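**Student:** Got a structure for you, questions after.
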Amino acid sequence: MTTTPLTGQVLSPTDLGYDDARSVWNAMVDRRPRLIVRCGTVADVVNAVRYAREHDLEIGVRCGGHSVLGLSVPADGLMIDLTPLGGVTVDPAARTARVQGGALLGALDRATQRHGLATTAGNVSHTGVGGLTLGGGMGWLARQHGLTCDNVLSYEVVTADGEVVTASRTEHPELFWGLRGGGGNFGIVTSFEFRLHEVGTRALLVNYSFDPADAVPVLEGWRDLNATAPRQATFTAGVGSSGLVDVGFVWVGDPAAGRRLTADFAALGRPRQETVRELSYLELQTMEDSTGGHHFRRYWKGLYLDRFPAEAAEAFAARGGGDPALRPAMSLQAYGGAIQDVPESEAAYAQRGTLFELVAAARWTDPAEDADRMAAARAAAGPLDAYSCGVYVNVLSDEGAAGVRRAFGAEKLARLAALKRTYDPANVFHLNQNIAPAS
Ligand code: FAD
Numbered sequence: 079m080t081t082t083p084l085t086g087q088v089l090s091p092t093d094l095g096y097d098d099a100r101s102v103w104n105a106m107v108d109r110r111p112r113l114i115v116r117c118g119t120v121a122d123v124v125n126a127v128r129y130a131r132e133h134d135l136e137i138g139v140r141c142g143g144h145s146v147l148g149l150s151v152p153a154d155g156l157m158i159d160l161t162p163l164g165g166v167t168v169d170p171a172a173r174t175a176r177v178q179g180g181a182l183l184g185a186l187d188r189a190t191q192r193h194g195l196a197t198t199a200g201n202v203s204h205t206g207v208g209g210l211t212l213g214g215g216m217g218w219l220a221r222q223h224g225l226t227c228d229n230v231l232s233y234e235v236v237t238a239d240g241e242v243v244t245a246s247r248t249e250h251p252e253l254f255w256g257l258r259g260g261g262g263n264f265g266i267v268t269s270f271e272f273r274l275h276e277v278g279t280r281a282l283l284v285n286y287s288f289d290p291a292d293a294v295p296v297l298e299g300w301r302d303l304n305a306t307a308p309r310q311a312t313f314t315a316g317v318g319s320s321g322l323v324d325v326g327f328v329w330v331g332d333p334a335a336g337r338r339l340t341a342d343f344a345a346l347g348r349p350r351q352e353t354v355r356e357l358s359y360l361e362l363q364t365m366e367d368s369t370g371g372h373h374f375r376r377y378w379k380g381l382y383l384d385r386f387p388a389e390a391a392e393a394f395a396a397r398g399g400g401d402p403a404l405r406p407a408m409s410l411q412a413y414g415g416a417i418q419d420v421p422e423s424e425a426a427y428a429q430r431g432t433l434f435e436l437v438a439a440a441r442w443t444d445p446a447e448d449a450d451r452m453a454a455a456r457a458a459a460g461p462l463d464a465y466s467c468g469v470y471v472n473v474l475s476d477e478g479a480a481g482v483r484r485a486f487g488a489e490k491l492a493r494l495a496a497l498k499r500t501y502d503p504a505n506v507f508h509l510n511q512n513i514a515p516a517s
């Protein structure tokens, strides 16, 4: 039997840098791969896949390391670390970017903004382009320009057989369909080609904080304003440890135009605090980097909501009740606009009719609180299930196969399972929100 060499920088548990390389965003994740290979070329990735299969090692693929469950880190397996493949090349005339499979969102934003361009990217710059794009990709530009996956023109993929293929509308079109939302199930993406948009460099952040007692009418008023909001505005709401109810929006484009929308918020009543702040698009894209930072223990429950009546507003503000010190931070982000322009059948990504995405996010440091914090996050999201149309695959945590079914729905899941049987019948890539191959 021929044996494939492992190329790239190989780290074993006794090597300097091993612990840094296996650390991910959620500090609850403490798994120890047998080997970590830091891949700097596509050939390194091909060799890693072949090596793992020849040695029967479980594969984990790491880009930004932001999966809540730490799905990039295999216990006693081979961690394929794509972060050295972090380059971004922009063609400003063609308005496209070629982004390597291990790049972080910050690298993409910085490279495109030099030309006043951007494509939809998430809200925290140390998130990976890889995992975010493969699951869909929601960000402040999505209502204007679609989800991140809607802006992918082609993918370069290393398959489970160690072959390198391109997936686009014309090459491997079914794979192209599945990669747009189906996650890392079908191969390792070594580069993405993105469509870019002229978005300028300016943004506006608007937030009003209200007393908890006013939560329901304020959230209902905010919901009604959202129904007619321009696409430049993405409505946001949140309740955190202060108990105050935050409502507002993020605007990408001319801040003066965004300011005109603030007049409508006067009808919501008198806020305790008010923020109307002009900032650059790059500042916007990094402003949550520290609250979304590393070294905390984390647990999330997410839901897609397709309605938000008064009862849902009440449950949102209550954060599940119980001990206030344990309650998670609750947030809502509006969908709609260009996300809905794309037909549901166009891509594996599901639930384009979502009104708001809800996340109940717990963050703590003491391992003794693990069970209570997770229970409190479940209790906070639970009552909102009644208003849900599904769940975002990139926000799933420990829901398992039932969560994956809910994320895609029966019809799309059957199509994805057939695609998995074609490209990865042995389920080599299973450390993800897994789609089992059709039998
Ligand atoms: P990783 O843990 O490295 O990877 C996640 C999964 O994708 C793993 O299964 C991995 O194997 C696979 N994968 C990664 N790269 C590749 C690749 N190149 N080829 C094949 N498989 C790959 N989502 C949004 O849509 N919008 C947001 O604004 C947003 N904000 C977030 C903020 C924070 C702080 C966090 C923690 C998450 C956020 N998310 C957001 C969710 C995010 O999209 C998912 O956590 C996503 O999985 C992160 O991707 P990653 O590459 O950073 O993670």
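Count along the sequence shown from 1, add 78, and you get the number used in the working numbering.
Note that CB positions come from ideal geometry on N, CA and C, so glycine has one too.
Fair warning: this is a prediction, and the values are worked out from it, not measured in the lab.
#1: For glutamine 351, does the count of other Cβ atoms within 10 angstroms reach 16, so buried, or fall short, so exposed?
#2: How many angstroms separate the CA atom of alanine 396 from the CA atom of glycine 316?
#3: Use the C-beta contact count for arginine 348: other C-beta atoms within 10 angstroms, 16 or more gives buried, fewer gives exposed.
#4: When the Cα of threonine 340 is compared with those of Tyr359, Thr312 and Val420, which residue comes out closest?
#5: Relative to the C-alpha of aspartate 502, which residue among Tyr377, Leu297 and Ile266 is closest?
#6: Can you say whether arginine 192 is buried or exposed, counting buried as having 16 or more other CB atoms within 10 angstroms of its CB?
#7: Where does alanine 189 sit, in a helix, a strand or coil, going by DSSP?
#8: Using a Cβ distance threshold of 8 Å, determine whether the segment 220 to 232 contacts the segment 447 to 460, with at least three qualifying pairs required.
#9: Can you name the start and end residues of the alpha helix (DSSP H) that methionine 540 belongs to?
#10: Does the beta-carbon of valine 330, which I'm using as the reference point, lie nearer than 6 Å to any heavy atom of the ligand FAD?
#11: So is histidine 144 buried or exposed if we call it buried at 16+ other beta carbons inside 10 Å?
#12: Do cysteine 227 and the ligand FAD come close, with the Cβ less than 6 Å from some heavy atom?
#13: Secondary structure at cysteine 467, three-state DSSP: helix, strand or coil?
#14: Starting from the Cα of glycine 138, find the closest Cα among Glu132, Tyr129, Leu149 and Arg131 and give me that residue.
#15: Out of Tyr96, Phe343 and Gly336, state which residue places its alpha-carbon closest to the alpha-carbon of proline 295.
#16: Would you mind stating whether cysteine 117 and leucine 183 have Cβ atoms separated by less than 7 Å?
#17: Where does glutamate 252 sit, in a helix, a strand or coil, going by DSSP?
#18: Hey, could you find the ends of the alpha helix (DSSP H) tryptophan 218 is sitting in?
#19: Do tryptophan 377 and alanine 449 have their C-beta atoms within less than 7 Å of each other?
#20: Would you tell me roughly how many angstroms separate the C-alpha atoms of alanine 245 and arginine 385, rounded to the nearest one?
#21: Assuming contact is defined by CB atoms lying nearer than 7 Å, are alanine 407 and glycine 318 in contact in what I supplied?
#22: Here's a check: name, in chain order, each residue in its chain whose Cβ is nearer than 7 Å to the Cβ of arginine 405, leaving out the five neighbours to either side.
#23: Quick one: residues in its chain with C-beta nearer than 6 Å to the C-beta of alanine 238, no 5 flanking neighbours on either side, listed in chain order?
#24: Helix, strand or coil: which one does DSSP assign to alanine 388?
#25: With distances taken Cα to Cα, identify the nearest neighbour of tryptophan 329 among Thr314, Leu322, Ser320 and Arg258.
#26: Assuming threonine 231 and threonine 174 make a contact with CB atoms under 8 Å, what is their CB distance in whole Å?
#27: Give me the Cα-Cα distance between threonine 81 and tyrosine 129, rounded to the nearest whole angstrom.
#28: On a CA-only basis, which of Gly414, Gly299, Gly321 and Glu271 is nearest proline 308? Give me that one, please.
#29: Relative to the alpha-carbon of aspartate 292, which residue among Glu271, Asn304, Met452 and Asp324 has its alpha-carbon at the smallest distance?
#30: In this structure, how does DSSP classify serine 423 when only helix, strand and coil are distinguished?
**Tutor:** Working from what's here:
#1: Classified as exposed, glutamine 351 has fewer than 16 neighbouring CB atoms from the shown chains inside 10 Å of its CB.
#2: Alanine 396 and glycine 316: Cα-Cα distance of roughly 11 Å.
#3: exposed
#4: Thr312
#5: Ile266
#6: exposed
#7: helix
#8: no
#9: Look at the range of the chain in this structure, 79 to 517, and you will see that residue 540 is not part of it.
#10: no
#11: buried
#12: no
#13: Of the three classes helix, strand and coil, the one that applies to cysteine 467 here is strand, per DSSP.
#14: Leu149
#15: Phe343
#16: Pairing cysteine 117 with leucine 183 gives a Cβ-Cβ distance that is not under 7 Å.
#17: helix
#18: Taken as a continuous stretch (DSSP letters only), tryptophan 218 belongs to no alpha helix (DSSP H), as it is neither H nor E.
#19: Rather than tryptophan, the amino acid found at residue 377 in this sequence is tyrosine. By the CB criterion at 7 Å, tyrosine 377 and alanine 449 fall outside the cutoff.
#20: 36 Å
#21: yes
#22: Arg397, Gly398, Ala454 and Ala458
#23: Asp502 and Val506
#24: helix
#25: Nearest option by C-alpha distance: Thr314.
#26: The identity of residue 231 in the sequence shown is leucine, whereas the question assumes threonine. Contact flag correct, Cβ pair sits at about 7 Å.
#27: 7 Å
#28: Gly414
#29: Asp324
#30: helix
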